[in-house]
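**Q**
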Amino acid sequence: MARRAAPHRGIDVHYGDAPDSSDSDADDRPSKTRLKQASHDLQKLGLELAALSDGALEAIEMPEALRDALVEYRRTRSHEGRRRQLQYVGKLMRSADADALREAVAAATLGSAQNALALHVVERWRAELIAGEEAMTRWMAEHPETDTQQLRSLVRAARRDAAGLAPEARQPKSFRELFQFLKPLL
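Going by the numbering used here, the first residue of the sequence shown is number 1100, and it counts up by one from there.
#1: Taking all protein chains shown into account, do 16 or more other C-beta atoms lie within 10 angstroms of the C-beta of residue 1209, making it buried, or fewer, making it exposed?
#2: Under 6 Å Cβ to Cβ from residue 1072, same chain only, skipping five residues before and after it: list those, please.
#3: Taking its Cβ as the centre, do 16 or more other Cβ atoms sit within 10 Å of residue 1249, making it buried, or is it exposed?
#4: Can you tell me whether residue 1141 is buried or exposed? The criterion is at least 16 other CB atoms within 10 Å of its CB, across all chains shown.
#5: Look at the Cβ atom of residue 1181, then the Cβ atom of residue 1172, and state whether they are nearer than 8 Å.
#6: Closer than 8 Å is the cut-off here; do at least three beta carbon pairs connect the segment 1213–1221 with the segment 1162–1177?
#7: Would you give the residue range spanned by the alpha helix (DSSP H) that residue 1200 belongs to?
#8: Rounded to whole angstroms, what's the CA-CA distance from residue 1233 to residue 1151? Just pull it up for me.
#9: Can you look up residue 1169 in the DSSP assignment and give me helix, strand or coil?
#10: Find out if the Cβ-Cβ distance for the pair residue 1165, residue 1195 is shorter than 8 Å.
#11: Since residue 1206 and residue 1144 are thought to touch, with beta carbons under 8 Å apart, how far apart are those beta carbons, to the nearest angstrom?
#12: Assuming residue 1257 and residue 1229 are in contact, meaning their beta carbons sit under 8 Å apart, how far apart are those beta carbons, in whole angstroms?
#13: Confirm, please, whether the CB-CB distance from residue 1225 to residue 1277 is below 8 Å.
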């Protein structure tokens, strides 16, 4: 390795390809940017955990200190307090199994999305049943176990409400009853 004196203040400059032991250690360590990104990712996961319902949060297996920190984050109201608590949650998440927590958050989120989709399907069927008789024929073909008499009665009542009155004067009782009748069948 060649050494040349730097022109200013006696600083030595190293030229050459000989590896130093400190250089190989630096290559094995992640960069500061990568460490900060990982920390932000853990904080983001902590934020997603805090956004879950109480029941979903209780069902997830995690260290008790992390659970307490998430509860404290929910209680904190000031911006700076929430920011600092979220940093603490991120620190605690370093010792937790982040992959398992990500899967639990995804499962909880997917479950609520599937529930919403199922409700949309029920709403669509209700609208089609009220709109015309061909929907009743299709329903009976797809769901032969349905109590036909009760379904026809509920559809007639909903049609009466829909046809006779302005939207603000309608009684939504028959719409709700039809919805509640269809929901368990789908």
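In this text, a Cβ means the ideal position worked out from N, Cα and C, and glycines have one as well.
**A** According to the structure data:
#1: Taking the first residue of the sequence shown as position 1, residue 1209 is located at position 110. Counting of Cβ neighbours within 10 angstroms places residue 1209 among the exposed residues, the total staying below 16.
#2: The chain is shown only over 1100 to 1285; residue 1072 falls outside these bounds and no answer can be derived.
#3: In the sequence shown, the residue the question calls residue 1249 occupies position 150. Counting C-beta atoms within 10 angstroms of its own C-beta, residue 1249 has fewer than 16 neighbours from the protein chains shown and is therefore classed as exposed.
#4: Indexing the sequence shown from 1 puts residue 1141 at position 42. Buried: at least 16 other Cβ atoms inside 10 Å.
#5: Reading the sequence shown from its first residue, position 82 is the one you call residue 1181. Reading the sequence shown from its first residue, position 73 is the one you call residue 1172. Result yes, Cβ atoms of residue 1181 and residue 1172 sit closer than 8 Å.
#6: Look at the beta carbons and you see the segment 1213–1221 not touching the segment 1162–1177: under three pairs across the two are nearer than 8 Å.
#7: To locate residue 1200, count along the sequence shown from 1; it is residue 101. Counting along the chain, the alpha helix (DSSP H) containing residue 1200 begins and ends at 1197–1230.
#8: Within the sequence shown, the letter at position 134 stands for residue 1233. Within the sequence shown, the letter at position 52 stands for residue 1151. Counting only the Cα atoms, residue 1151 lies some 42 Å from residue 1233.
#9: Within the sequence shown, the letter at position 70 stands for residue 1169. Helix.
#10: Against the sequence shown, residue 1165 aligns to sequence position 66. Against the sequence shown, residue 1195 aligns to sequence position 96. Between residue 1165 and residue 1195, the CB-CB gap stays under 8 Å.
#11: Taking the sequence shown and counting its residues from 1, one reaches residue 1206 at position 107. Taking the sequence shown and counting its residues from 1, one reaches residue 1144 at position 45. At roughly 14 Å, the Cβ-Cβ gap does not stay under 8 Å, so residue 1206 and residue 1144 are not in contact.
#12: In the sequence shown, the residue the question calls residue 1257 occupies position 158. In the sequence shown, the residue the question calls residue 1229 occupies position 130. Rounded, the Cβ-Cβ distance is 5 Å, consistent with contact.
#13: Here residue 1277 is taken as the residue at index 178 of the sequence shown, counted from 1. Here residue 1225 is taken as the residue at index 126 of the sequence shown, counted from 1. Less than 8 Å separates the beta-carbon of residue 1277 from that of residue 1225.
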